[in-house]
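Here the sequence shown is numbered in the numbering used here, starting from 35 and rising by one per residue.
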Amino acid sequence: MEHVAPRGLETRMFERILVALDRGRASRCALHKAVDIARSANAKVTAVFVLDHHLTAVDVLRDISEERIFRLFLHEEAENELRYARKMFSSNGVKGRTSMIDTSGESVADAICRAAITENADLVVIGHREPTAFQKIFGNVTSKVVKKSDAFVLLVSEGEEDHIRAGASR
């Protein structure tokens, strides 16, 4: 599958790209896009996986032993995605690093935006999937990152066109 930067994006040279990962297919597409852009621009990529323990602990599980098992599972899944990202960097000759971030009581979107600031990212690449009815009412991670980020945000959907929004301060 050929990954090409969307029209107009190739004229902007990015130096630092942050890609947000989860366990979804759109996330993998976002990683591929970030690597392609980084290769073209000779940019560095930071792949982050945000662990949202608050949601799992409070809303999903009540039993402490089940919670520990779920956290271990989530940590292992995160490490698998980050390992895949490191392989992508290596096989494409891209300078990159990976990071697992805990929400520390903040939203996933806020954690991604905080990581973008910490990494001084020019571009945030994030996978996008169709929001559920609940997410349409209250917002989803992707829409919140688009609204809050000062960096350019590239949304990558599997099977759809890529969309870009110019950041407020860049």
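We put the beta carbon where it would ideally sit given N, CA and C, even for glycine.
None of the values given here were measured: they were computed from a predicted structure.
In terms of Cβ geometry, K78 and R50 form a close pair [threshold 9 Å]. Contiguous beta strand (DSSP E) elements confined to the region 99 to 171 occur at 129 to 136 and 157 to 162, taking only those with 3 or more residues. Rounded to whole angstroms, the separation of the alpha carbons of V142 and L189 is 16 Å. In the three-state reduction of the DSSP assignment, R62 falls in the helix class. Taking the CA atoms as reference points, N114 sits about 25 Å from I151.
The count of Cβ pairs closer than 8 Å, one atom from the region 175 to 186 and one from the region 68 to 76, stays below three, leaving the stretches out of contact. Counting of Cβ neighbours within 10 angstroms places L55 among the buried residues, the total reaching 16 or more. Where S183 is concerned, there is no enclosing alpha helix (DSSP H), because DSSP gives it neither an H nor an E.
Exposed is the label assigned to G127, since fewer than 16 other Cβ atoms lie within 10 Å of its Cβ. Secondary structure note for F83: its beta strand (DSSP E) is the uninterrupted segment K78 to L85.
Shown here, R73 sits in a helix according to DSSP, grouped into three states. With respect to the 9 Å criterion, G161 and A81 are not classified as neighbours on the basis of their beta carbons. Under DSSP, R50 shares a beta bridge with K78.
Of the candidates Y118, F123, D86 and M122, the residue whose Cα lies closest to the Cα of L106 is D86.
CA-CA distance, V84 to E111, rounds to 11 Å. Cβ neighbours of E153 within its own chain (closer than 8 Å, five residues either side excluded): R50, L52 and T80.
Looking at the DSSP output, V190 shares a beta bridge with G161. Distance from the Cα of R62 is smallest, within the candidate group M122, I135, M47 and R102, for M122.
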